[in-house]
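To start, the structure under review is shown below, and the notes come after it.
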Amino acid sequence: MIRIDVLSLFPEMVLAPLRESIIGRAQKDGLVELHSHQLRDWTTDKHRRTDDYLCGGGQGMLLKPEPLFAAIEELRGKETYVILMTPQGQVFNQQTARELSSKKHLIIICGHYEGVDHRVIEKLVDLELSIGDYVLTNGAIAATVVIDSLTRLLPGALGDARSSEEESFSNPHLLEAPAYTKPIDFRGLKVPEVLTSGHHGKISAWKKEKALERTRQNRPDLLDSAHDATRA
Ligand code: ADE
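Following the numbering used here, the numbering of the sequence shown begins with 10 at its first residue and continues without gaps.
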């Protein structure tokens, strides 16, 4: 059981996609307890202001420290790990998803505007996380991505335990081989014969070869990092 508290200016944006399908069921089954909070609820001024101008000048606005400090001080427990979603963070991957899925309590701050006051990062944040080298309007969707990928790794979230073990990025250096289902002949497009041969050795060799081919085509950087890893 993991508890996740999200702090956002758009709490519904985070929650809505997580009500569906596997993550929705994981919540109903009590594998994950998800709370998405309105950051404005921790403001104390009349205008419920969460942002302000940059000290020293510069474009845009920053999230102010007071509401974030107040929220985290209220929500934090002994085993809390605090994450900030930001394009300035370390890039999220399957390894990080696995590590986060073993935590007891996460607080995820969704960055907004040009980011957050740096005192929040220095004093409260354990990990700055980006979901990739592109910029979203705010961190809500990024938080949803992180929550989805760590929740499906919780024991019991996927019906079949093997399905999360066998997939791409369990072996971080190789993508999955192409896959086919019925019909065997669709508009003259045939499923490769080896896959209907029943010969497990040949099927396994074919999958390995095709996985390598696909990785070379779509993600040559993964093969470079595999090469570096074997040399290290
Ligand atoms: N907020 C805006 N863009 C983001 C990104 N790429 N990752 C995480 N949070 C973000």
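Glycine included, each C-beta is placed from N, C-alpha and C at the ideal position.
Can you list, in chain order, the residues of its chain whose CB lies under 6 angstroms from that of residue 44, leaving out five sequence neighbours each side?
-> So the list reads 14, once near-sequence residues are dropped.
Taking residue 94 as the reference, which of 56, 203, 136 has the closest Cα?
-> Considering only alpha carbons, the answer is 136.
If I'm right that residue 39 touches residue 10 with Cβ under 8 angstroms, what's the distance once you round it to whole angstroms?
-> Indeed, because the Cβ distance is near 6 angstroms, the residues count as touching under 8 angstroms.
Among 231, 227, 185, 198, which residue has its Cα nearest to the Cα of residue 4?
-> Because the chain spans 10 through 241 in this model, residue 4 falls outside it and cannot be assessed.
Does the stretch 197-208 come close enough to the stretch 138-153 to have 3 or more Cβ pairs within less than 8 angstroms?
-> Flag = no, the stretch 197-208 and the stretch 138-153 do not touch.
Quick one: residues in its chain with C-beta nearer than 7 angstroms to the C-beta of residue 89, no 5 flanking neighbours on either side, listed in chain order?
-> Excluding positions up to five away in sequence, the list reads 114, 116.
Residues in its own chain within less than 7 angstroms of residue 47 by CB, not counting five upstream and five downstream?
-> A distance below 7 angstroms between beta-carbons, with the five flanking residues on each side excluded, links residue 47 to the following residues of its chain, in chain order: 20.
heavy atom of the ligand ADE below 7 angstroms from residue 10 C-beta | Relative to the ligand ADE, even the nearest heavy atom lies 7 angstroms or more away from the CB of residue 10.
Between the Cα of residue 96 and those of 227, 26, 149, 35, spot the shortest distance and give me the residue it belongs to.
-> Closest by alpha carbon: 149.
Could you pull out every residue in the same chain whose Cβ sits closer than 7 angstroms to the Cβ of residue 100, ignoring the five residues on either side in sequence?
-> Cβ neighbours of residue 100 beyond the five flanking positions: 139, 141.
Which residues in the same chain have their Cβ closer than 6 angstroms to the Cβ of residue 24, if we skip the five residues on either side of it in sequence?
-> Only 45 meet the Cβ criterion.
Have a look at the DSSP bridge pairing and note the partners of residue 208.
-> Looking at the DSSP output, residue 208 bridges to nothing.
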